[in-house]
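First the structure, in the form of structure tokens, and then the observations on it.
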Amino acid sequence: MRILLTGKNGQLGWELHRLLEQGFEVIAIGRDDVDFRNPDELHDMLRRLPSFSIIVNTAAYTKVDQAEKEQHEAELVNIEAPAVLACEADRRGIPMIHFSTDYVFDGKKWTKPYTEKDKPNPLSIYGKSKLGGELRVRDLCEKHLIFRVSGLYGTRRRNFLTTMLNYAKASERPLVVDDQIVSPNWTPLIAEVIEHVIYRIFSSFPVHWGVYHLTGNGAATWYEFAKLTLEKASSISNKQIIQPVSVSSEEFHTTAKRPAYSVMNSDKFRNEFGYSLPDWKTQLLHCINTIGKDEL
Ligand SMILES: NC(=O)c1ccc[n+]([C@@H]2O[C@H](COP(=O)([O-])OP(=O)(O)OC[C@H]3O[C@@H](n4cnc5c(N)ncnc54)[C@H](OP(=O)(O)O)[C@@H]3O)[C@@H](O)[C@H]2O)c1
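First residue of the sequence shown: 33, per this note's numbering; consecutive thereafter.
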């Protein structure tokens with residue numbers, strides 16, 4: 033079975049590539065192979081590829097604040113390119129796995145996790161573009177699985193966790209918002225779950241195509257997540273604890289508006305695929321334990 037994986041150098045794409053190539057042949061493509069801002073180029077490239085049995089699209093325009101000024105680019109990468117991939121998957125009669133975000137919601141549900149039945153209402157250009165991509169993939173490819181994930185972090189590339197660890201190394205206290213409630217997820221665990229889903233598809237298990245929320249249990253503010261990160265890093269490295277400084281979203285101004293509450297309920301995923309992710313604290317502690325003492 034051959035898999036077409038996009039976004040091979042991204043957080044999730046890189047983890048998935050590492051995992052999937054152990055059991056499958058993977059055609060992994062990145063920005064150097066094709067620029068998703070050019071859907072025609074993507075279309076032509078897809079036609080030149082050898083046969084494959086599934087498309088896994090992790091490529092995305094993910095610069096949430098910059099998207100407010102680069103709407104067209106965000107829409108090309110997050111709406112038009114997924115539409116091209118979805119058409120190609122449908123033409124070949126194969127499934128497509130696509131990723132979306134908790135930022136399709138406006139946060140007004142406050143303290144009751146969002147289910148797939150809740151109506152999206154994105155607050156940002158990024159959120160709107162990701163919702164636009166969901167709709168196109170859903171409409172154009174019959175065998176689609178769209179996984180809404182949230183707060184991805186890992187030890188590679190720039191993300192919330194690596195940013196906090198850099199503050200710790202510099203012995204500087206980060207300002208962190210304490211009024212946005214999220215459910216952060218360690219990218220290698222999301223990759224493992226997706227590998228499980230692919231095995232099921234390839235084993236001809238019946239799959240209900242559609243949109244699924246995919247996050248661990250529990251929720252935290254970014255401040256709580258930062259505090260635990262810095263405490264755990266300090267206990268491993270034996271360096272002094274750096275305490276984050278709690279600020280409000282109003283004080284910590286960002287160009288794009290983010291939902292104050294974007295926790296999602298993953299029951300539908302668990303019932304369909306028989307798999308659930310650990311809660312955010314367990315994921316975070318597991319992740320930090322993989323980092324060597326000297327790197328903290
Ligand atoms: N990160 C999060 O916290 C988060 C939260 C919710 C949902 N999601 C969703 O989860 C999925 C995976 O996110 P991620 O964190 O792995 O994202 P990421 O680390 O930003 O990776 C995205 C990948 O897309 C590639 N890409 C961007 N623009 C491109 C273009 N014009 N042409 C070709 N490739 C392009 C990037 O290439 P380069 O490597 O060259 O930059 C990168 O490899 C995305 O659908 C994202 O929207 C992420």
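Where a beta carbon is used, it is the ideal one built from N, C-alpha and C, also for glycine.
Considering only C-alpha positions, which residue in the set the options is nearest to residue i?
i: residue 59; options: 82, 191, 131, 70; result: 82
i: residue 292; options: 115, 135, 327, 160; result: 135
i: residue 183; options: 307, 62, 253; result: 253
i: residue 295; options: 168, 217, 52, 99; result: 217
i: residue 102; options: 84, 176, 160; result: 160
i: residue 147; options: 198, 246, 219, 233; result: 246
i: residue 74; options: 61, 165, 129; result: 61
i: residue 279; options: 317, 198, 208; result: 208
i: residue 130; options: 96, 141, 109; result: 109
i: residue 314; options: 54, 272, 215; result: 215
i: residue 79; options: 55, 90, 69, 119; result: 119
i: residue 191; options: 297, 307, 268, 96; result: 96
i: residue 140; options: 298, 196, 285, 155; result: 155
Hey, is residue i close to ligand 1, as in C-beta under 8 Å from one of its heavy atoms?
i: residue 42; result: yes
i: residue 164; result: no
i: residue 133; result: yes
i: residue 105; result: yes
i: residue 50; result: no
i: residue 66; result: yes
i: residue 219; result: yes
i: residue 198; result: no
i: residue 146; result: no
i: residue 39; result: yes
i: residue 139; result: no
i: residue 194; result: no
i: residue 182; result: yes
i: residue 191; result: yes
i: residue 92; result: yes
i: residue 110; result: yes
i: residue 293; result: no
i: residue 248; result: no
Should residue i and residue j be called a contact, given that it needs their Cβ atoms to be closer than 9 Å?
i: residue 48; j: residue 223; result: yes
i: residue 240; j: residue 304; result: yes
i: residue 2; j: residue 92; result: In this structure the chain extends from 33 to 328, so residue 2 is not present and cannot be described.
i: residue 137; j: residue 114; result: no
i: residue 242; j: residue 177; result: yes
i: residue 105; j: residue 63; result: no
Where DSSP assigns a beta bridge to residue i, which residues make up the other side?
i: residue 218; result: 185
i: residue 242; result: 177
i: residue 278; result: 208
i: residue 35; result: 58, 86
i: residue 133; result: 181
i: residue 213; result: 253, 293
i: residue 128; result: 87, 176
i: residue 146; result: 296
Counting only the same chain and skipping the five closest in sequence on each side, list residues whose C-beta sits under 8 Å from that of residue i.
i: residue 57; result: 33, 34, 35
i: residue 310; result: 221, 248, 249, 318
i: residue 322; result: 187
Excluding sequence positions up to five away, which residues of its chain have a Cβ less than 6 Å from the Cβ of residue i?
i: residue 300; result: 148, 244
i: residue 200; result: 262, 265, 274
For residue i, I'd like the list of residues in its chain whose CB is within less than 7 Å of its CB, leaving aside the five on either flank, ordered along the chain.
i: residue 276; result: 205, 206, 208, 255, 258, 259, 262
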